[in-house]
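**Student:** Have a look at this one.
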Amino acid sequence: MAVKTSATALLKFKTSPEASYVTIAKVRDVTLNINRDALETTGIGQADRTYAYGIRGTSGSGTLLYDPSDTGTADLMNQILSDTETLSGVQLVLDTASTDGTVSGDALITAVGPGVSVGDLISVPVSFTISGKPTGQF
Amino acid sequence: MPVAFPTIEPTSRSFTAPRWQVTTNVSQSGVTTRRLWGSRPSRAELVLRFGNVTDAATSDILSAWHTAKGSTTDLTLPAILFNGASSTLTNWLNTSSTGAGMKWYFAEEPPTVESIAPGRSNVSVRLIAELQ
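Those protein sequences? They're chains C and X, same order as listed. Start counting the first sequence at 1; every next residue gets the next number (my numbering). Start counting the second sequence at 1001; every next residue gets the next number (my numbering).
Here it is as structure tokens:
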């Protein structure tokens, strides 16, 4: 066993639940956040706070490098311009050599913000929110 | 036959002391006169909130409301409702220091249940203590 680096990671995107995942060619960084609410159950007579699990929420963000010839990049960016109600799909692969470390989910692309600077690559910060329970495991 | 209120620790509690039955008259000259009717206060209020409680606890509260037929049957309150208060304060909060004859009832408005998450709810209950 060994720790993994970004070299074994991939971000994939698909335009609909029925489509196939397409690897996004150039991803500078990506973060997937899976949260579960902590519902406070502390009673009046208790000195320490107690909690129960609440609802899970999953969202993420990342930065792509703009390459219009790359299908994954273009599809993801164009999703923010689409009027469709169909959910997309996002898949984060942490280890391409294993079936573990892959988490997927039906996604809404909530932000795409390409930025251009003189003498620099065109980078595209993106944000997404997963609808429902993510599938897979770490 | 009193109905036992379920033994669930509240997450917040608000108490209003019992009121004295008084009528006030202000004369044309501005003199205020108050007349006390009776020797005992009544109509204390206890507002309890049970935050993020389980469905079982929520059901117990609704069952007590149903068994008591709303505000028609008096309640026995468990000590856990007054957790966090000293014994002296508890005796004022449960009105035992006020004197005999005070009985707790559900107020006329039913308990409210706000569903928060699967299996978890916020429940609010208002109780009143009256001289009987």
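The C-beta atom is built at its ideal place from N, Cα and C for all residues, glycine as well.
(1) Can you check which of these residues, C/R49, C/A19, C/T58, C/V126, is closest to C/T86 by C-alpha distance?
(2) Considering only the beta carbon of each residue, do C/R28 and C/Y53 sit closer than 7 Å?
(3) List, in chain order, every chain X residue whose beta-carbon is nearer than 7 Å to that of C/T42.
(4) Indicate whether X/V1123 and X/T1058 have their beta-carbon atoms separated by less than 7 Å.
(5) Using C-beta distances below 6 Å, list every residue in its chain close to C/T129, excluding the 5 sequence neighbours before and after it, in chain order.
(6) Among the residues of its own chain, which have a CB less than 6 Å from the CB of C/I80, if the five just before and after it don't count?
(7) Which residues in the same chain as C/A97 place their Cβ atom closer than 7 Å to its Cβ, once the five residues preceding and following it in sequence are excluded?
(8) Which residues in chain X have a C-beta closer than 7 Å to the C-beta of C/L186? List them in chain order.
(9) At least one CB of chain C closer than 7 Å to the CB of X/A1056: is that the case?
(10) Using a Cβ-Cβ cut-off of 7 Å, state whether X/G1030 counts as contacting chain C.
(11) Skipping 5 residues on each side, what residues in its chain have a beta carbon closer than 6 Å to that of X/R1126?
(12) Which residue marks the beginning of the alpha helix (DSSP H) containing X/S1029, and which one marks its end?
(13) Exposed or buried, which one is X/D1060 when buried takes at least 16 other CB atoms within 10 Å?
(14) Using a Cβ cut-off of 7 Å (strictly closer), state whether C/A25 contacts chain X.
(15) Determine the contact status of X/R1013 and C/L39, defining contact as a CB-CB distance below 7 Å.
(16) Hey, C/T102 and C/Q91 are a contact pair by Cβ (cut 8 Å); roughly how many whole angstroms apart?
(17) Quick check on C/G139: does DSSP put it in helix, strand or coil?
**Tutor:** Well, looking at it:
(1) C/A19
(2) no
(3) T1011
(4) yes
(5) S59, L108, T110.
(6) I109, V112
(7) T8
(8) Here chain C comprises residues numbered 1 to 138, so residue 186 of chain C is not present and cannot be evaluated.
(9) Put simply, the CB of X/A1056 is far from chain C, with every gap to its CB atoms at 7 Å or more.
(10) no
(11) V1047, A1107
(12) Looking at the DSSP string, X/S1029 is not in any alpha helix (DSSP H), and its letter there is neither H nor E.
(13) buried
(14) Closer than 7 Å: no.
(15) no
(16) Contact between C/T102 and C/Q91 holds, since their C-beta atoms are separated by about 7 Å, short of 8 Å.
(17) The first residue shown for chain C is 1 and the last is 138, placing residue 139 of chain C beyond what the model contains.
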